[in-house]
Amino acid sequence: MKKGLSDKVVGLKPSGIRKFFDIAATMKDVISLGIGEPDFDTPQPIIQAGIEALRRGETHYTSNHGLLVLRQAVADHLKWLYGIKYFAQNEIVMTVGVSEALYLVFTAILNPGDEVIIPTPCFVSYQAEVILAGGEPVEVATFAEDGFVPRIENIEAAITERTRVIFIGSPSNPTGAVYSREFLAQLADLAEKHDLIVVSDEIYDRLVYGVEHVCFASLPNMYKRTILLGGFSKAYAMTGWRIGYVAGPQEYVDAMVRVHQYTIMSAPTVSQYAALSALMIGEPYLQEMLAEYDRRRKLVYTSLNAMGLPTFEPKGAFYAFPDLRQTGLSDDDFCFRLLEEERVAIVPGNSFGFAGMGFARVSYATSYEKLEMALERMANFVRKLNG
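The working numbering numbers the first residue of the sequence shown as -7 and each following residue consecutively.
Structural data, given as structure tokens:
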């Protein structure tokens, strides 16, 4: 019998996030500024909705698409926020977080060798999911001096006859960048010109600070060529509930449901009822968390710059992306030494694509008091590096 592993799996780069936090887990007194997870618990009324669903006996499969009442609530929510109309019956499918949504999208639309253009730095799963689906990720670098927004000419230069998709994530993990309406309109023109699909990860859409979030599918003529990914983990502090969604034209959603029904069947039923509650009554809790994230954002951005680590002001999500290059250390060395010497865990920028080299991701999804302590330790580390 022949034994072996898939070449695709063997070739995948291990997650830089997980590597660092496996190490941190073995150490004492570590302040973690690395994991992209809200430190808030899910609001109690949302938890209660899940408990009540269990007590009612809602412990069975839903349809492959998910609860119709939840899909309708998602459709209503997107229309309220962005003026775009999706049909709940056949243009939305509930998924096990946006992570499953990524898998479904690329598995459903890519053929072997199809290229997906991905601006980087970006979330660690994007390239991996493209590879697992048989596609080829094509990274396009973004730069701090541009606010980590891609240059449209660089995206166009990366398009080949094999290009199938442009993938965007705004607000951005790890940089905190938010793409402007002007830039997205240019991207829309490019997608039309080259007849490309745009996959838009908007999981952080509600976490923006003084700027507008533009839903890509709401732009003129973009509904038919956009696949929208969204969820509940970040805005409603529901990471462990594992609930997200895909919205898009029926032909794409139908294809994704074919994959979904054989791999997952349906998203967790109790989580769907909790998500419904989040959409119905969660707005005040979301706004409270957003205000606290903004307070932390200002502290982190100001402190990193003050200690001599140039940092672009994040406009969305809950991450800052300081430039470490002037310290003379690589991003790996800086982060390992910071962890060993000061017990602060952050993530090297190279984990998020080649354009992240020399930077690091700092999450401010932790308490203000812990942030103050961590930033003081980081400042002490930088002072030691400076002699």
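We put the beta carbon where it would ideally sit given N, CA and C, even for glycine.
- Per DSSP, Ile158 lies in no alpha helix (DSSP H) segment; the continuous beta strand (DSSP E) that holds it begins and ends at Thr155 to Gly161.
- Under the 10 Å beta carbon count, Asn378 is surrounded by fewer than 16 other beta carbons and is classified as exposed.
- Here Thr112 carries a strand assignment [DSSP, helix/strand/coil].
- For Val245, same chain residues with a beta-carbon under 6 Å away, outside a window of 5 residues either side, are Glu83 and Val85 in chain order.
- By the C-beta density criterion, Tyr360 is exposed, having fewer than 16 other C-beta atoms within 10 angstroms.
- DSSP lists Phe351 as the beta-bridge partner residues of Asp315.
- Taken atom to atom, the span from the alpha-carbon of Ala41 to that of Leu278 is near 17 Å.
- Nearest to Gly126 by alpha-carbon distance, out of Phe140, Arg156, Ile151 and Trp233, is Arg156.
- Under the 10 Å beta carbon count, Arg375 is surrounded by fewer than 16 other beta carbons and is classified as exposed.
- Spanning the alpha carbons of Glu280 and Ala227 requires a straight line of approximately 11 Å.
- Counting the other Cβ atoms within 10 Å of the Cβ of Ile101 gives 16 or more, which makes it buried.
- Between Asp324 and Leu316, the gap from beta carbon to beta carbon reaches 8 Å or more.
- Going by DSSP, Gly42 is part of no beta strand (DSSP E) but of the alpha helix (DSSP H) stretching over Gln36 to Arg47.
- Judged by DSSP in its simplified three-state form, Ser117 adopts helix.
- According to the DSSP assignment, Asp193 belongs to the beta strand (DSSP E) that extends over Ile189 to Asp193.
- Non-local beta-carbon contacts of Pro111 in its own chain, meaning distances under 6 Å to residues more than five positions away in sequence, involve Val132, Thr134 and Pro142 in chain order.
- Only exposed fits Phe346, as fewer than 16 other CB atoms lie within 10 angstroms of its CB.
- Bridge partners of Val130 according to DSSP: Ile109.
- By the criterion of a C-beta distance shorter than 6 Å, Glu128 is surrounded in its chain by Glu107, once the five residues flanking it on both sides are discounted.
- Contact annotation: Phe12 and Ala337 have beta-carbon atoms nearer than 8 Å.
- Under the three-pair Cβ rule at 8 Å, the segment 71 to 80 does not count as touching the segment 164 to 174.
- Judged by DSSP in its simplified three-state form, Thr255 adopts helix.
- Shown here, Met248 sits in a helix according to DSSP, grouped into three states.
- In this structure, Gln253 keeps its C-beta atom at 8 Å or more from the C-beta atom of Leu62.
- Counting C-beta atoms within 10 angstroms of its own C-beta, Lys5 has fewer than 16 neighbours from the protein chains shown and is therefore classed as exposed.
- Secondary structure of Ile151 (DSSP, three-state): coil.
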